[in-house]
Structures are given as C-alpha cells and as structure tokens.
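Peer 1: Quick one: the structure is below, and I'll ask about it shortly.
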Amino acid sequence: MLFFSYFKDLVGREVTVELKNDLAIRGTLHSVDQYLNIKLENTRVVDQDKYPHMLSVRNCFIRGSVVRYVQLPPDGVDVDLLHDATRREARGG
Amino acid sequence: MATGPGLESLVDQTISVITNDGRNIVGILKGFDQATNIILDESHERVYSTKEGVQLLVLGLYIIRGDNISVIGELDEELDAHLDLSNLRAHPLKAVIH
C-alpha cells in the first residue's frame, strides 16, 4: 500500500509516465488506484511528431501494468516521510 | 477504492484504446470491469504507417481483454475532427515489452 498512498499524495501534480512501449505521456495526476492504474488530465505525448497516435486525447487512463517509470516533480518526495512509512511497512504495521 | 481512476466517466463516450501490441482502436465505451476488460461499440482500428495516411478498419462491436490494454484515452471529438488522418504518417506504436 505504500506506493498507492505515495501516489495519492501526488494527485494534482504534473508527472510524466513512461510506458513499456516507449511512449511517454505528461499530464496532471488525476487519480490512482490499488493496481497503480493512473489517470492523467491535460495530457500530451512527449514526442508528438514521432507519436501522433494520441493527438486528440486530453485525458487518459493508463493501465498500471504497462508503466515503466513515473517521473516526479523535483519536490515531489518528502524523504523523511517516505523513510518513516517504509520502516512502518517493513515492521508489518 | 471509490476514488480510484475508474472508467465510469467514460461510459458512452468515444475512447481511443492503445493495446499492448501497438494497435489503436477507437470506439464507444459500453462496459468495463475490475480487470479493465472493456466492451466497445461501433469501433474501428486506426492503422498507422509511414507509406500512406492512417487507414481505418471497421471492427464493430468488440471486447478487449484488460491484459492487452495499455492506454484508454478520452477522445476529444472537436480535436479529432480537426485531425487530417489521411495525411498523418507515423510508425506504428511499438508493442509493450514487459
């Protein structure tokens, strides 16, 4: 549940999601669920000339299973908070 | 998980689906489930190539298994109407490599 909670805290922030088919989609994080499926708003594909396949899409749902990376905003990580949460998770509570 | 990114808001809307094998299928979302299996009505495939413009293949009523879905995009009808598909050339999308 750690990453689910972590992504929930990032809702409203601008992220870039890189998929396992090399497509990279940038947009505002709208929501995330237990499978780490991601919904983005105001999306644009990073290299639109090479990938015009989503030119008329502004909001999208990305299946968690095809996500390779999520690029976070530089200030999107509170390391101390994440350390604490990780230890708590490791203790099983 | 009531606040998750469900597909409820897309039902009866035109969506653009990218599958794991790189296909792009456009249709009206009629149903879905937990595993992202979806039912599309009046669907067609958009086939991208570098040799000619985008080709449309009529598919009709389609079920796509969730395993095989990468992205579901809400198609903005106005943006889509302004696309000149017959002159749009691009390499087909790559398949997903897990």
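Chains as they are written, first to last, in UniProt numbering: chain A, 1 to 93; chain B, 1 to 98. For each residue, glycine too, the CB sits at the ideal point set by N, CA and C. In this text the structure is predicted, and so the values were computed from the model without any measurement.
(1) Quick check: what's the CA-CA separation for Ala2(B) versus Val77(A)?
(2) Determine, for Asn59(A), whether the minimum Cβ-Cβ distance to residues of chain B falls below 8 Å.
(3) For the alpha helix (DSSP H) that Val79(A) lies in, which residues bound it at each end?
(4) Is DSSP giving His53(A) helix, strand or coil here?
(5) Rounded to the nearest angstrom, what separates Arg89(B) and Glu89(A) at their Cα positions?
(6) What are the start and end residues of the beta strand (DSSP E) that includes Glu41(A)?
(7) Closest to Glu52(B) by C-alpha separation, out of Ser16(B), Ile15(B), Ser86(B), Leu59(B), would be which residue?
(8) As a quick exercise: from Leu55(A), Val11(A), Asn21(A), His53(A), pick the residue whose alpha carbon is nearest that of Leu40(A).
(9) Between which two residues does the alpha helix (DSSP H) holding Asp9(A) run?
(10) Give me, in chain order, the residues of the same chain whose beta-carbon lies closer than 6 Å to that of Gln55(B); leave out the 5 immediate sequence neighbours on both sides.
(11) So, at 7 Å on beta carbons, what are the nonlocal neighbours of Val96(B) in its own chain, with the 5 sequence-adjacent residues on each side left out?
(12) Counting only Cβ pairs nearer than 7 Å, list the residues of chain A close to Lys94(B).
(13) Mind checking which residues open and close the beta strand (DSSP E) that includes Glu52(B)?
(14) Is there at least one Cβ from chain A nearer than 8 Å to Ser49(B)'s Cβ?
Peer 2: Once the coordinates are examined:
(1) Residue confidence is low: Ala2(B) scores 47 on pLDDT, short of 50, so the model does not pin down where it sits. Its coordinate-derived value is still stated next. Approximately 25 Å between the Cα atoms of the pair.
(2) yes
(3) 79–90
(4) helix
(5) 49 Å
(6) 38–45
(7) Ser86(B)
(8) Val11(A)
(9) 2–9
(10) Val47
(11) Asn20, Ser70
(12) Asn21, Asp22
(13) No beta strand (DSSP E) contains Glu52(B), which DSSP labels as neither H nor E.
(14) no
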